[in-house]
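Q: What follows is a single structure, and I will ask about it in a moment.
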Amino acid sequence: MKILVTGAAGFIGSHLAEKLLALGHEVVGIDVFTSYYSRKIKEYNLINLRINSKFTFIEADIATVDLKTLFQGVKIVFHQAAQAGVRASWGKDFNVYLKDNLEVTQKLLEAAKEVSLDNFVYASSSSVYGDTELLPMWERNLPKPYSPYGVSKLAAEHLCYLYWKNYGVPTVSLRYFTVYGPRQRPDMAFHKFIRALIFGKPIEIYGDGEQTRDFTYISDIVEANIAVIEKKGIEGEVFNLGGGSRIFLKEAAALIVASFPGSAQVVYGGKQKGDVRHTAADFSKAKEILGYNPKVTIQEGLKNEIAYLKKLYQEVVLP
Ligand SMILES: NC(=O)c1ccc[n+]([C@@H]2O[C@H](COP(=O)([O-])OP(=O)(O)OC[C@H]3O[C@@H](n4cnc5c(N)ncnc54)[C@H](O)[C@@H]3O)[C@@H](O)[C@H]2O)c1
Numbered sequence: 001m002k003i004l005v006t007g008a009a010g011f012i013g014s015h016l017a018e019k020l021l022a023l024g025h026e027v028v029g030i031d032v033f034t035s036y037y038s039r040k041i042k043e044y045n046l047i048n049l050r051i052n053s054k055f056t057f058i059e060a061d062i063a064t065v066d067l068k069t070l071f072q073g074v075k076i077v078f079h080q081a082a083q084a085g086v087r088a089s090w091g092k093d094f095n096v097y098l099k100d101n102l103e104v105t106q107k108l109l110e111a112a113k114e115v116s117l118d119n120f121v122y123a124s125s126s127s128v129y130g131d132t133e134l135l136p137m138w139e140r141n142l143p144k145p146y147s148p149y150g151v152s153k154l155a156a157e158h159l160c161y162l163y164w165k166n167y168g169v170p171t172v173s174l175r176y177f178t179v180y181g182p183r184q185r186p187d188m189a190f191h192k193f194i195r196a197l198i199f200g201k202p203i204e205i206y207g208d209g210e211q212t213r214d215f216t217y218i219s220d221i222v223e224a225n226i227a228v229i230e231k232k233g234i235e236g237e238v239f240n241l242g243g244g245s246r247i248f249l250k251e252a253a254a255l256i257v258a259s260f261p262g263s264a265q266v267v268y269g270g271k272q273k274g275d276v277r278h279t280a281a282d283f284s285k286a287k288e289i290l291g292y293n294p295k296v297t298i299q300e301g302l303k304n305e306i307a308y309l310k311k312l313y314q315e316v317v318l319p
């Protein structure tokens with residue numbers, strides 16, 4: 001089976017592509033190395049992929065690449081490419097979110113309607129729910145994003161649904177809840193905390209640290225993506241993917257600090273615009289229909305991320 005993974009040099013896309021290859025699929029990965037974070041980190045993500053003869057990498061912008069050629073022989077699309085990050089989505093950079101999250105998804109869906117795909121799986125986000133007190137969040141809640149990023153992810157999710165309804169593009173949207181583990185993006189809290197400790201710097205927590213997140217380990221997210229393509233009759237559906245590890249941010253920070261020798265200074269910075277107070281996933285729908293069952297505990301997952309980042313920062317020198 002030939003499978004297209006967009007955003008293949010990124011955190012989630014690279015893990016997903018590796019798993020698909022391990023399952024015996026042929027994978028085409030596309031990524032343009034957006035400048036949101038260092039290309040060196042993304043090249044490091046690609047190391048195992050580039051040496052696999054069943055993997056083809058295309059360095060191109062989805063907005064301008066010839067999609068007809070790209071889609072040749074492809075039966076499944078995992079659309080992971082996006083401009084991620086809540087905090088950067090205000091102001092003039094909103095244009096980037098419009099282009100990489102909305103326009104790119106629309107272009108892919110237009111190309112998808114011209115071919116006969118088995119699945120088009122879209123990486124959506126818990127950010128679509130916004131700053132709600134209706135916890136846990138479940139798929140029937142009215143989405144009410146709290147950041148421009150959330151708006152762009154929700155709008156693209158709607159596009160996926162309407163291309164299914166109007167053109168039969170077999171889309172499914174997966175709402176990821178704060179994904180972590182090896183290769184986590186450098187703008188995300190755990191990565192920042194661990195990097196600070198590696199370099200002997202203070203940890204900065206935005207707000208009072210009493211915000212909670214439903215942290216989801218990367219391999220659980222990958223498993224859920226695979227489960228989607230193994231299931232028939234779920235086109236047009238949306239699924240929450242939480243990790244079942246909902247904890248206070250300051251609790252997670254304490255776990256990370258405890259993994260390093262000595263003590264660390266923790267400073268509290270201002271609350272960031274667009275950051276919601278709590279996230280908590282009701283993933284009973286994914287459990288029932290996809291057999292989704294997140295396995296990795298926060299302790300185990302953090303251990304793996306710490307080990308990975310120690311290696312990364314030993315081997316890759318960043319400016
Ligand atoms: N990481 C999380 O916690 C999380 C949570 C919810 C949703 N998501 C979603 O999951 C997906 C993957 O997130 P990630 O954390 O791996 O992000 P990432 O930034 O590591 O990966 C995204 C990749 O997409 C590429 N890209 C962006 N625009 C492109 C374009 N126009 N053409 C080609 N490549 C392009 C980037 O260069 C990047 O390598 C995104 O859609 C994101 O919105 C992530």
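With the first letter of the sequence shown counted as 1, position 286 gets the number 286 in full-length UniProt numbering; the numbers rise by one all the way through. Ideal Cβ placement from N, Cα and C applies to all residues, glycine included. Given the structure is predicted, the values throughout are model-derived calculations rather than measurements.
Buried or exposed, going by whether 16 or more other CB atoms sit within 10 Å of the CB of V142?
A: As a working mapping, residue 142 is identified with position 142 in the sequence shown. The question names Val, yet the displayed sequence has Leu at residue 142. That one is exposed.
Q: Would you check whether ligand 1 has a heavy atom nearer than 6 Å to the C-beta of T178?
A: For the purposes of this step, residue 178 is taken as the residue at position 178 of the sequence shown. The answer is yes for T178.
Q: State the start and end residues of the unbroken beta strand (DSSP E) segment that holds F248.
A: Indexing the sequence shown from 1 puts residue 248 at position 248. Counting along the chain, the beta strand (DSSP E) containing F248 begins and ends at 245 to 248.
Q: Need the endpoints of the alpha helix (DSSP H) that I62 sits in, please.
A: Here residue 62 refers to the residue found at position 62 when the sequence shown is read from its first residue. First-last for I62: undefined, no H or E at that position.
Q: How about Q106: is its Cβ closer than 6 Å to a heavy atom in ligand 1?
A: Numbered from 1 along the sequence shown, position 106 holds the residue referred to as residue 106. For Q106, the shortest C-beta to heavy atom distance toward ligand 1 is 6 Å or greater.
Q: Where do the N-terminal and C-terminal ends of the beta strand (DSSP E) with G29 fall, by residue?
A: Looking up residue 29 in the sequence shown gives position 29. From DSSP, the beta strand (DSSP E) with G29 extends over 26 to 31.
Q: Which word fits S245, buried or exposed, when buried means at least 16 other C-beta atoms lie within 10 angstroms of its C-beta?
A: As a first step, residue 245 must be located in the sequence shown, where it is residue number 245. Answer is buried; the Cβ neighbour count reaches 16.
Q: In whole angstroms, what separates the C-alpha of V32 from that of T56?
A: For the purposes of this step, residue 32 is taken as residue 32 along the sequence shown, with counting starting at 1. For the purposes of this step, residue 56 is taken as residue 56 along the sequence shown, with counting starting at 1. When rounded, the distance between both Cα atoms is 14 Å.
Q: What did DSSP end up calling I3 once you bin it into helix, strand or coil?
A: To locate residue 3, count along the sequence shown from 1; it is residue 3. I3 falls in the strand class under three-state DSSP.
Q: So for I229, helix, strand or coil by DSSP?
A: Along the sequence shown, read from residue 1 onward, the residue named residue 229 stands at position 229. Three-state DSSP puts I229 in a helix.
Q: Mapping DSSP to helix, strand and coil, what is G269?
A: Sequence index remark: in the sequence shown, residue 269 carries index 269 (1-based). If DSSP states are grouped into helix, strand and coil, G269 belongs with the strands.
Q: Please name the residue, chosen from P145, E210, F193, D208, that lies closest to P202 on a Cα-to-Cα basis.
A: The residue labelled residue 202 in the question sits at position 202 within the sequence shown. Its Cα nearest to that of P202, the residue F193 stands out among P145, E210, F193, D208.
Q: Mark I47 as exposed unless 16 or more other C-beta atoms lie within 10 angstroms of its C-beta, in which case mark it buried.
A: Taking the sequence shown and counting its residues from 1, the one referred to as residue 47 is at position 47. Exposed.
Q: Would you check whether ligand 1 has a heavy atom nearer than 6 Å to the C-beta of T34?
A: Here residue 34 refers to the residue found at position 34 of the sequence shown. At least one heavy atom of ligand 1 is nearer than 6 Å to the Cβ of T34, so yes.
Q: Is DSSP giving E204 helix, strand or coil here?
A: One-based indexing of the sequence shown puts residue 204 at position 204. Strand.
Q: Along the chain, which unbroken stretches of the beta strand (DSSP E) at least 3 residues long are found entirely within the region 75 to 131?
A: 76 to 79, 119 to 125
Q: Output yes or no for whether 7 Å exceeds the beta carbon distance between V267 and E204.
A: For this step, residue 267 is matched to residue 267 along the sequence shown. For this step, residue 204 is matched to residue 204 along the sequence shown. Yes; because the gap between Cβ atoms is below 7 Å, this pair is in contact.
Q: Tell me the DSSP secondary structure of Y36 in three-state form.
A: For the purposes of this step, residue 36 is taken as the residue at position 36 of the sequence shown. Three-state DSSP puts Y36 in coil, outside helix and strand.
Q: So L241 is in the alpha helix (DSSP H); what residue range does that whole segment cover?
A: As a working note, residue 241 is residue 241 in the sequence shown. Careful: L241 lies outside any alpha helix (DSSP H), inside the beta strand (DSSP E) at 238 to 241.
Q: Report yes if the CB atom of Y167 is closer than 7 Å to the CB atom of K113, and no otherwise.
A: Against the sequence shown, residue 167 aligns to sequence position 167. Against the sequence shown, residue 113 aligns to sequence position 113. Yes, these two residues count as a Cβ contact at 7 Å.
Q: Pick out whichever of R175, C160, P186, L162 has its Cα sitting closest to the Cα of S35.
A: Along the sequence shown, one-based indexing puts residue 35 at 35. The shortest C-alpha separation from S35 is found at P186.
Q: Compare the Cα-Cα distances from S38 to each of G10, K287, A60, D214 and report the closest residue.
A: If you number the sequence shown from 1, residue 38 lands on position 38. Closest option to S38, Cα to Cα, is G10.
Q: Answer yes or no: the CB of R185 versus the heavy atoms of ligand 1, is any distance below 6 Å?
A: To locate residue 185, count along the sequence shown from 1; it is residue 185. Indeed, a heavy atom of ligand 1 lies less than 6 Å from the Cβ.
Q: Would you say F215 and Y176 are within 7 Å of each other, going by their C-beta atoms?
A: Position 215 of the sequence shown, counted from the start, is the residue given in the question as residue 215. Position 176 of the sequence shown, counted from the start, is the residue given in the question as residue 176. The answer is no: Cβ separation not under 7 Å.
Q: Quick check: the Cα distance between I58 and V296, rounded to an integer number of angstroms?
A: In the sequence shown, the residue the question calls residue 58 occupies position 58. In the sequence shown, the residue the question calls residue 296 occupies position 296. So the two alpha carbons sit approximately 32 Å from each other.
Q: Could you give the first and the last residue of the continuous beta strand (DSSP E) run that contains L23?
A: The residue you call residue 23 lines up with position 23 of the sequence shown. Annotation for L23: no beta strand (DSSP E) segment contains it, and DSSP assigns it neither H nor E.
Q: Is it the case that the CB of F11 approaches a heavy atom of ligand 1 more closely than 6 Å?
A: Position 11 of the sequence shown, counting from 1, holds the residue named residue 11. The nearest non-hydrogen atom of ligand 1 is less than 6 Å from the C-beta of F11.
Q: Alpha carbon to alpha carbon, how far is I3 from A123?
A: For the purposes of this step, residue 3 is identified with residue 3 of the sequence shown, where counting begins at 1. For the purposes of this step, residue 123 is identified with residue 123 of the sequence shown, where counting begins at 1. Each residue's alpha carbon lies about 15 Å from the other.
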